[in-house]
Structure formats: C-alpha cells, structure tokens
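These notes concern the structure reproduced below.
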Amino acid sequence: MNHLKNRQLLRSLALITVTGAMTTMASGQALLLDDFEAAVPPFPLNLFNIGDSVGEGEAADGTIGSANHAVVWSTGYANNDSVQAINERLEDIDPLAYNENNSTRDAALNQAVSGADMADFAAQAQAVSTAAQSLPDGRADAVAVLLGNNDVCADSLANMTPATEFEAQYRQGLDILAGAGFPDNLNLHISSIPAIYWLWYVKRENTFCRSFIWPFVPCQNLLANAGTDDCASAVSTADPDTIYAGDGAVCQRRKNFHAQIRDVYNPILRDVLAEYQANDSLPNAEYIDIFDSGFEAFHINDGDCFHPSVAGQAMLAEEQWCRSRWGIDNPACTP
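The sequence shown: position 128 = 234 (my numbering), numbered continuously.
Okay, structure coming up:
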C-alpha cells in the first residue's frame, strides 16, 4: 500500500519537459525524444535538519532550555504524539526505501543548534555532509532548513543582521549544499521565517509571559514594552501588515519588525534560492513560504513563552509538508 501511495504521489507531481528531435510513432503521434528531463526528484533515502532552537524542539514540553528532538517538525520521530513530522510522513510513503530518523540516528540527522543564525548555516551544512558519510546511507538525500529567526530577533530594529550579511551567509551555506559533499539531486527544503509577530499577539494577555519571561528574551525589537498596545484599534493590532493612522510608536515598531521579515529577509531566502534552482546548482530545492501561517496561544509553550509547543511543532510540520512537493497533493492537506 505504501509503495502504491508513493507511485501515485510521484505520478501526481510529475511534470515532464522534453525538447529536441521529433519521432513519429506507429500510432501517428509525435513524441519528443531528445533532452528528456523529469522535474520530479527521486524519493529521498533520508532527511537531515539544519536549524536553530526551533529545530531542537527547545522547550516544546514547557521546560525552559530543554531540547525535544523527538517532536521536531522536520526530523521528529516520537510515536503516538501529535506531531506528524516530515520524517514520519516520508516513512509512511515508503518505509522500505526511506531510512527514517530515530533516537539512534538523531545525533547525525538533526544538526540544529540552539542560538544558531544564518552565520552558522555553512558549518551546519558541512556537519550534515560529514554525518551522512558516517551512516550506512553514505549521503544526505534531503535537507530541511529553518534559519533566520535569530537574525531578525535582536535588541532593536537597527541591530538585526544586515541584509547584505544575511544574504552572503545564506549563499555560503547553499554553496556547500550544492558542492561535492552532496548529491546533484539533493532534495532541499528551505523554510521562510515565520511571522513571529503572532507570538506576541496571542500571548500578550498572559501576565507570566509579559512580566517575567519576555523582558529576558533576546527579541526585544518585538517584545519590549510587551504590555503596551498603542495600536489605533483592535483591528490595527490584529493587522500587522498595515500601519494605521493613530498607531503609536510601540505598535509601529512591532509592525516594522514584521515588515522586515516579510519584505527583506524572506525575499532573500526565496530569490537567492531561485538563482540556484535556475542554474541547476540545486535543481531540486524548494522554498516553503509559511509566513501567512498564524499562531494560536497553544502553539507557544507556557514555559519560555517563546518557542513552539508540541502543538506548535505539529502545526509547523503540517504547514511545511502541505506546501512541499511531497505533500501538496495529499488529500489530508487543506487549502
């Protein structure tokens, strides 16, 4: 049944491009034969993770500072939990072909490091290559990347990672993934930075978060003056994409933080990757835009009031999978 699902999925995703000489078949139909190219990548043997504290599942269980790799959206492997990680979904499609992550393999497959920013991308990519060679698999077939949260979170808007540095560091990581340590047909899943504004929005009435936790979180360009809502109206507060007449300075600062992710950092992730796709350096890469995915309060853990809870990791897994080439035609995914 799983093999059938795999074949059906690949058929549904197949986009065939053929160019060159025309040959007339016995039926009289013409078939383009030369330079045959199939756009669907081969099914991956494994999945590696590159990321920051979100990729470590930090505080998902509500314990400040704890790592919870088993419930991570990408390479998670816990049984009987609410997180259907991409790793588990790939295993469900073809358990014979796919070498799933588990507690034994996780140290190799999950290279995320709490606190990492884009400056760490290249080192993590190299670590993936090294780790893959130590496994029976021998290579990394798929890599999921979620970085950038620690570049945009800073003590002020002015101290966010400069866009030129962010892009240069991003290119360094992509160059390694496009290099000799990885297969030419590497499946690369690059996630956008999420709309972190909603973290403040959904937890802003929580006195514990607002008064005792957020003053110490290194994202003050969003969370400073957490108890102040000087937006012009409730409608304005719920609309971070628009600055309304009457929005106060704190409200505008939060919305400018949101706009920097939307208009500067995510376009870099998207557009630079498109270059690598277009020149065939990373032909099987895809950019997954989750910026329009909002949070609910239960998606953020109640311990550090900042990282995704187990439910938040489950939501990330769902959004990432359903927008990827592997899950886009999955009947379980809703628009």
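Cβ atoms here follow ideal geometry from the backbone N, Cα and C, with glycine treated the same way.
Cβ neighbours of residue i in the same chain (closer than 7 Å, five flanking residues each side left out)
i    : result
V446 : Here the chain has residues from 107 to 441 only, and residue 446 is not among them.
A284 : Y382, S387 and L388
L252 : G157, V160, G161 and S297
D243 : L151, N152 and N205
G163 : A173, N174, H175, V177, V178 and Q419
A132 : Annotation note: pLDDT 37 at A132 (below 50); position unreliable, coordinate value reported separately. So no residue of the chain qualifies.
Anticipated Cβ contact below 8 Å, residue i with residue j, distance rounded
i    : j    : result
G287 : S235 : 3 Å
P300 : S209 : About 27 Å separates the two Cβ atoms, so there is no contact after all.
I156 : Q217 : 6 Å
S180 : A191 : 6 Å
A248 : H295 : 7 Å
V258 : Y393 : Not a contact, Cβ separation roughly 17 Å.
Q366 : M224 : That pair is no contact at about 14 Å.
Start and end residues, alpha helix (DSSP H) containing residue i
i    : result
N256 : N255 to V258
L379 : N372 to A384
Y204 : Careful: Y204 lies outside any alpha helix (DSSP H) and carries neither H nor E.
C236 : Position check: residue 236 holds Thr in this sequence, whereas Cys was assumed. That run of the alpha helix (DSSP H) goes F227 to S240.
C337 : It is not in any alpha helix (DSSP H) - C337 carries neither H nor E in the DSSP assignment.
V323 : It is not in any alpha helix (DSSP H) - V323 carries neither H nor E in the DSSP assignment.
C357 : A355 to Q366
F401 : No alpha helix (DSSP H) contains F401, which DSSP labels as neither H nor E.
Q275 : A269 to L283
V308 : Y303 to K309
Cβ-Cβ distance between residue i and residue j below 7 Å
i    : j    : result
I374 : E311 : no
L153 : N205 : no
D158 : N255 : yes
N293 : N390 : yes
I396 : E424 : no
V378 : Y276 : yes
G439 : C428 : The identity of residue 439 in the sequence shown is Cys, whereas the question assumes Gly. Going by C-beta atoms, C439 is nearer than 7 Å to C428.
A166 : V416 : yes
P289 : R245 : yes
F149 : A203 : yes
Residue interval of the beta strand (DSSP E) (run including residue i)
i    : result
E392 : A391 to I394
Residues of its chain near residue i, where Cβ-Cβ distance is below 6 Å and the 5 sequence neighbours each way are ignored
i    : result
N327 : A260, S262, L263 and F363
D408 : G168
I282 : A228, A231 and Q232
DSSP bridge partner residues for residue i (one or two, in chain order)
i    : result
S297 : I394
A250 : N155 and H295
P414 : I406
N442 : Because the chain is modelled from 107 through 441, residue 442 falls outside the range shown and cannot be assessed.
8 Å Cβ shell around residue i - same chain, five flanking residues per side excluded
i    : result
Q278 : F227 and A228
T343 : Y307, D335, C337 and C357
V341 : Y350
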